[in-house]
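With mature numbering (1 follows the signal peptide of the UniProt record, and there is no 0) as the guide, the letters of the sequence shown map in order to residues -24 to -1, 1 to 370.
Some notes on the structure that comes next.
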Amino acid sequence: MKKIRYFIAVLCIFSTVSILPALAQEPASSGEVFDLGDVLIMEKGDEVNAITSIDTLSSYDIEMQGSQTVSEALELIPGLDVQTGGKGQSSVTLRGFDQKNIKVLIDGVPANPTYDGSLDLSQIPVDAIARIKVIKGASSVLYGPNTMGGVINIITKKGGEKPFTSVRTSFGENSTQNYIFNHGAGKGNFNYWITASHRKSDGFELSDDFDPNNPVTGIGTDYNEDGGVRDLSDYEKTTVSAKFGYEYDDDSKLYMTVDYHDNERGIPTENSRYWDFKKWEQWHVSLAGEHDFTNLLSMKARLYYMKHDDTLEDVSWDAAHTTSKKWFQTSAYDDYSIGGEVQGYLDFGDISLVKMGVSYMKANNIQREYLDAASMPVIKFGDPVGWMGARTGI
């Protein structure tokens, strides 16, 4: 991973020097919206969507808001509340429903890790996002199960006919560095979009008014905080994503998406929890296609695979940091999900529109907890979860 991070940094610096003159001459498009990322065919689904409350954030809205992650971008959505959990993860509630009852999709693919049913939205950067659509309350049956609270569909960018390249860098205190590279283009029937980013920081500063001798949060307490840089607020995050598309004509499209996240980070101490993610990796591969057979019949299909691995270490086992409780030395999760869906649309014009869908998903997870370096792990196998559903709507 170090080679990948160095490559991204060098690429950003080189690209900044090489493309600035071109960018100064004329602005370029920042990428197009990946329309296959939506579950419903939008121009055919407006009647269904009209009965629900929908908020949409465009890439321009996200940029103007200064958001770096999906959780930050969602903070301005009315009725949606972003919360931080005990592992430093961000989750949302929507109209009172927690995230286990809210379906999170990335280009129409379920993105909820399997072991706890929620996705850490603070670990998803916004660099390749074209728009975020939030559907509140009851949604179309074509979105599948677990949508009582609503649906959050994160739709990414695809390359357009006009080449686009952007490089952004920023620096801050405590060795905070951000490098972001975007490039997309299209030629003939083929288009692509590539995003790479690397972010790192030694952490954030506590207030100058913080008292390290505070009997509740200071040295010797369950927080064991001595002031200055917040303990375990450091992070190093790398993301690489790519989308390749082939549009044979207006009636036939095929796209493949691959992305990888490597997010090593600490978790600021809370209630005797001195935890650090030594490993946090997630892979996602999907294939999506659409074909209009006639003016009456069109179909859309997706296949996907998602892999998630993380290793959480209790660094209070180290003699340098001692708190009153020891949860484990190492806790690791190994999760994956695989699935697919096919949707069909029968368009009878002004008479009616019939939507049909069949979905399949299988998910599996394994949890390992090591009580100390010499002991055997406590292994917990999650029961494989699978479901298949057929849905029809008018």
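Where is the CB? At the ideal position from N, CA and C, for every residue including glycine.
Source: prediction; values computed, not measured.
In whole angstroms, what separates the C-alpha of residue i from that of residue j?
{"i": "His237", "j": "Ile53", "result": "25 Å"}
{"i": "Asp14", "j": "Gln41", "result": "23 Å"}
{"i": "Lys273", "j": "Val334", "result": "First, the residue type needs correcting, since residue 273 is Leu and not Lys in the sequence shown. Using only the alpha carbons, I get a separation of about 16 Å."}
{"i": "Arg107", "j": "Thr32", "result": "7 Å"}
{"i": "Gly84", "j": "Gly316", "result": "10 Å"}
{"i": "Lys163", "j": "Thr141", "result": "15 Å"}
{"i": "Met337", "j": "Asp184", "result": "51 Å"}
{"i": "Ser29", "j": "Ala264", "result": "27 Å"}
{"i": "Ile156", "j": "Ser248", "result": "36 Å"}
{"i": "Gln153", "j": "Gly179", "result": "11 Å"}
{"i": "Gly136", "j": "Gly160", "result": "7 Å"}
{"i": "residue 371", "j": "Gly320", "result": "Any answer about residue 371 is impossible in this case: the structure gives the chain only from -24 up to 370."}
{"i": "Asn189", "j": "Tyr199", "result": "11 Å"}
{"i": "Ser262", "j": "Arg144", "result": "27 Å"}
{"i": "Ser151", "j": "Val234", "result": "30 Å"}
{"i": "Val216", "j": "Ile170", "result": "8 Å"}
{"i": "Arg278", "j": "Gln305", "result": "40 Å"}
{"i": "Gln343", "j": "Asp311", "result": "9 Å"}
{"i": "Leu208", "j": "Ser292", "result": "11 Å"}
{"i": "Asp323", "j": "Val330", "result": "7 Å"}
{"i": "Phe147", "j": "Arg175", "result": "10 Å"}
{"i": "Asp268", "j": "Gly113", "result": "30 Å"}
{"i": "Ser67", "j": "Gly325", "result": "41 Å"}
{"i": "Asn206", "j": "Asp225", "result": "Note that residue 206 corresponds to Arg in the displayed sequence, not to Asn. Looking at the two C-alpha atoms, the distance is approximately 55 Å."}
{"i": "Leu347", "j": "Ser115", "result": "44 Å"}
{"i": "Glu257", "j": "Thr193", "result": "32 Å"}
{"i": "Lys63", "j": "Asn77", "result": "20 Å"}
{"i": "Ala339", "j": "Asn122", "result": "15 Å"}
{"i": "Val318", "j": "Thr214", "result": "33 Å"}
Shorter than 8 Å, the distance from the beta carbon of residue i to the closest heavy atom of the ligand FAD, or not?
{"i": "Asp235", "result": "Among the components modelled here there is no ligand, and therefore nothing to report on the ligand FAD."}
Thinking residue i and residue j are a contact (beta carbons under 8 Å), I'd like their distance in whole angstroms, please.
{"i": "Glu240", "j": "Phe253", "result": "6 Å"}
{"i": "Trp251", "j": "Leu288", "result": "6 Å"}
{"i": "Gln65", "j": "Ser98", "result": "7 Å"}
{"i": "Thr245", "j": "Glu201", "result": "6 Å"}
{"i": "Val58", "j": "Ser43", "result": "About 11 Å; that fails the 8 Å criterion."}
{"i": "Glu223", "j": "Asn165", "result": "5 Å"}
{"i": "Tyr231", "j": "Leu12", "result": "6 Å"}
Would a C-beta distance cut-off of 9 Å place residue i and residue j closer than the cut-off?
{"i": "Leu95", "j": "Val110", "result": "no"}
{"i": "Pro101", "j": "Thr45", "result": "yes"}
{"i": "Tyr211", "j": "Ser173", "result": "no"}
{"i": "Met275", "j": "Ser313", "result": "no"}
{"i": "Ala308", "j": "Asp285", "result": "yes"}
{"i": "Gly221", "j": "Asn167", "result": "yes"}
{"i": "Leu70", "j": "Gly126", "result": "yes"}
{"i": "Gly7", "j": "Ser35", "result": "yes"}
{"i": "Ile38", "j": "Ile82", "result": "no"}
{"i": "Glu181", "j": "Gly196", "result": "no"}
{"i": "Met124", "j": "Phe73", "result": "yes"}
{"i": "Lys138", "j": "Val9", "result": "no"}
{"i": "Ala104", "j": "Lys255", "result": "no"}
{"i": "residue 397", "j": "Pro86", "result": "Because the chain here runs from -24 to 370, residue 397 falls outside it and cannot be looked at."}
Would you list the residues sitting across from residue i in a DSSP beta bridge?
{"i": "Ser67", "result": "Gln59"}
{"i": "Pro139", "result": "Answer is none; Pro139 lacks a bridge partner."}
{"i": "Arg107", "result": "Ser34, Ile131"}
{"i": "Ile243", "result": "DSSP, once it has assigned bridges, lists no residue as partnering Ile243."}
{"i": "Ser29", "result": "Lys112"}
{"i": "residue 409", "result": "Given that the chain is displayed from residue -24 to residue 370, the structure contains no residue 409 and the question cannot be resolved."}
{"i": "Asp323", "result": "Leu329"}
{"i": "Asp238", "result": "Thr214, Glu257"}
{"i": "Ser47", "result": "Answer by DSSP bridge pairing: none, since Ser47 is not bridged."}
{"i": "Leu208", "result": "In DSSP, Leu208 forms no bridge with anything."}
{"i": "Thr233", "result": "Lys219, Ser262"}
Please report whether the beta-carbon of residue i lies at a distance below 9 Å from any beta-carbon of chain B.
{"i": "Ser177", "result": "Judged by its chain identifiers, the structure shown contains no chain B, having just a single protein chain."}
Exercise for review: Could I get the ranges of all uninterrupted beta strand (DSSP E) runs contained in the segment 140 to 192, with 3 residues as the minimum, in chain order?
Suggested key: 140 to 148, 152 to 163, 166 to 177
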